[in-house]
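Following: one structure in structure tokens, then a few remarks.
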Amino acid sequence: MKNIIIEKRKPLVEGSNILNALIAVCMLLVLFSVVSCSQKTSELNSEWPTFNGDFNAIRYSPLTQITPQNVESIVKAGEYIITDTVPFQSGPVMIGKTLYFTTGFNTYAADAITGKLIWSHKFKGKGALLDNSRGVAYDNGKIFRSTLDAHVLAFDAKTGKVIWDVVAGNTELGEYCCAACLVWGGKVYVATAGSDVGAIGRVMALDEIDGHRLWIFDIVPAAGPGAETWPSDPNKLRAGGGVWSSFSLDTETGLLYVPTGNPGPDFVKDYRPGDNLYTCSVVMLDAATGKLSGYHQFVPNDYHDWDMASSPILFSLKSGEKMVAVAGKDGYLYGLDRKLVNVKYKIPITTIFNTDAPLTKEGTRFAPGTQGGVEWNGPAYSPALNALFVSSTDWASTLKLGAPEMLLNAAPGKMFLGTDNGFGDLDPVEKSSGWLTAVNAETGKVLWKYQAPKPMLAAVTPTASGLLFTGDLDGNLLAFDAASGKILLNKKVGGPIGGGIITYSIDGKQYIAVATGLNSYLFKTVFGISSIVIYSLPSKN
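This is the structure:
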């Protein structure tokens, strides 16, 4: 009887193996289907959720529909025209099917395909020295932004209704905000500026729900580590360290990377002997507590207005090494380890001369000038090419040092420069130019360079198709072959481009949105309308 049972069980075991094999194959097919569906969903709808695309701030897009082969055929899909004449520098954010962007006080939501206005909010803020804003942050159905009179607002992303409005700085002390917020872990990260008017830059975290302050970090310390790098004389005003652009954040370590601006007075280093920490640096803060975790100062005791004005970016090399790339107004691109201790390379990316010459009453000419180097739009990284890309301005300045007495009555809220000619006399605009530089992210070797006839201020955005997008002050959208530097598109889209250039997909179609209309006395641009212009490939009939 046993033998009969055994004989009958043998084919059952073999059948089970076949059945198990079939189940395994089916599971693999289901898994492949899920992955394939996920990839298709990613291609169908791809957002641009932060100022620089993601928390790492590398500005890389995985989209591949617009390619080096078809980019010349893109057409205008939509536009939203801003009625105010502003130095438009906003980096648009795209969530769902909506673009969000800002001016110094106003906030806009527009259809990401047509540009049609969905809602706008006009904030009745106090006057400010300038009118620019880098943009918004998004989380949990809310939009967050700061203003030029240091308010921070939260909006319902769908309706534009104000959820909360808190004050993050004191305008009477020269404090204002222009950096784009970042939101993570229930916290809204905000920073103030005002280095040039006697203010201290501050970084803070606000509660996402109601805006109450959770922590604050003073970039110019009054006490503790770093305070000894400033004069101890209580009659000397301490100022500087304002934040101009945005942040990056390592979500694995919970560390916030903050770029900081110049010390004050901008151009009189003898007024403030010492390194003047933590100005002209990238500081690393614990995102939960605001505690200083590390820093790297690139320009100690700065006297050229050489801010670290743009966001540092966080990336991993193909070898797995984690890196930080930083580009400043001093005209260099730096590659550092993630702890900001070791500088792996330091690459000049614009003309640099006369940097150590003392400023004199008669005038000292140097480059990068006060509007030179890398401004508010910093480096980008392509993991596909293991390459960094950064634009820069080539423009010298001549500064005339003022009499020492002009700083005797220095006070927060007043111009705090120390010169007889403000931010200096720029060379004639005809002598200015711009650069776009591609660098091997592993070695720092320059791969290619492009020289533009005018300063390069627009954002730089690489894509997985091998394209690299940026713009120029003649109002042209530029597309390059990212590997070779060959120009594939030079398309007039509007006014001077100094804002964001982003790409996203909706319902399977890829779009490019460009912030045009940098109306700026500082950069001597031709004034005109400001707008968000949207492009895509032509629709198939």
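My numbering numbers the first residue of the sequence shown as 1217 and each following residue consecutively.
Backbone N, C-alpha and C define an ideal beta-carbon position, used for all residues, glycine too.
In terms of residues, what are the limits of the beta strand (DSSP E) holding R1554? Where R1554 is concerned, there is no enclosing beta strand (DSSP E), given that its DSSP letter is neither H nor E.
DSSP three-state label for Y1296, please. strand
Where S1598 sits in the DSSP three-state scheme: strand
Let me make sure I understand the geometry here. Which of E1591, K1616, N1570, V1606 has the alpha-carbon closest to that of T1576? K1616
Could you tell me the distance, in whole angstroms, from the CA atom of S1509 to the CA atom of R1554? 12 Å
Can you list the beta strand (DSSP E) stretches of 3 or more residues lying completely in the stretch 1352-1392, in chain order? 1353-1355, 1358-1362, 1367-1372, 1378-1383
Opposing strand residues paired with A1326 [DSSP bridges]: L1315, L1333
Own chain residues within Cβ distance below 6 Å of S1613, not counting five before or after: G1585, T1586, G1640, L1642
My understanding is that K1292 touches V1749, with C-beta atoms under 8 Å, so please give their C-beta distance in whole angstroms. 7 Å
Quick one: what does DSSP say S1252 is sitting in, helix, strand or coil? Per-residue confidence for S1252 stands at a pLDDT of 40, beneath the threshold of 50, marking its modelled position as unreliable; the derived number appears in the next sentence. Helix, per DSSP.
Please list, in chain order, all residues of the same chain as S1336 whose beta carbon is under 8 Å from its beta carbon, the five residues on each side excluded. N1322, T1323, Y1324, A1325, G1376
To the nearest angstrom, how far is it from the Cα of N1637 to the Cα of R1418? 28 Å
What whole-angstrom Cβ distance do V1404 and A1421 have, given they're in contact under 8 Å? 7 Å
What are the partner residues of Q1764, as DSSP defines its beta bridges? Outside the displayed range of the chain (1217 to 1757) lies residue 1764, so it cannot be described from this structure.
By a C-beta neighbour count over all protein chains shown, 10 Å radius and 16 as the cutoff for buried, is E1388 buried or exposed? exposed
Please determine if the stretch 1701-1708 and the stretch 1718-1731 are in contact, where contact requires at least 3 C-beta pairs separated by less than 8 Å. no
Which residues in the same chain have their Cβ closer than 8 Å to the Cβ of S1681, if we skip the five residues on either side of it in sequence? L1279, T1280, Q1281, I1282, T1283, P1284
In whole angstroms, give me the CA-to-CA distance for A1758 and R1454. No answer is possible for residue 1758: the residues shown for the chain start at 1217 and end at 1757.
Exposure of V1413, with buried meaning 16 or more beta-carbon neighbours within 10 Å: buried
Can you give me the C-alpha to C-alpha distance between P1628 and T1318, rounded to a whole angstrom? 27 Å
In chain order, what are the residue ranges of uninterrupted beta strand (DSSP E) at least 3 long that sit wholly in the stretch 1428-1455? 1429-1434
When DSSP builds the beta bridges, which residues end up paired with Q1667? W1651
Would DSSP call P1620 helix, strand or coil? helix
Does K1485 come out as helix, strand or coil in the three-state DSSP assignment? helix
In whole angstroms, what is the alpha-carbon distance linking L1652 and S1736? 21 Å
What residue does the beta strand (DSSP E) around P1644 start on, and which one ends it? Where P1644 is concerned, there is no enclosing beta strand (DSSP E), given that its DSSP letter is neither H nor E.
Hey, would you say G1490 sits closer than 8 Å to G1544, going by beta carbons? no
How would you write the range of the beta strand (DSSP E) that D1697 sits in, first residue to last? 1692-1697
Minimum C-alpha distance to A1525 - residue among G1618, G1506, P1479, F1569: P1479
For the pair the stretch 1604-1611 and the stretch 1353-1370, tell me if three or more CB-CB distances fall below 8 Å. no
Mind checking which residues open and close the beta strand (DSSP E) that includes T1686? 1683-1687
Under three-state DSSP, which class holds V1287? helix
Let's see if you can read the secondary structure: which residues bound the beta strand (DSSP E) around T1614? 1613-1615
Taking 8 Å as the cut-off, decide whether the C-beta atoms of S1648 and D1690 are in contact. no
Using 8 Å as the cut-off, can you tell me whether the stretch 1440-1447 makes contact with the stretch 1520-1535, which would need three or more C-beta pairs spanning the two stretches below that distance? no
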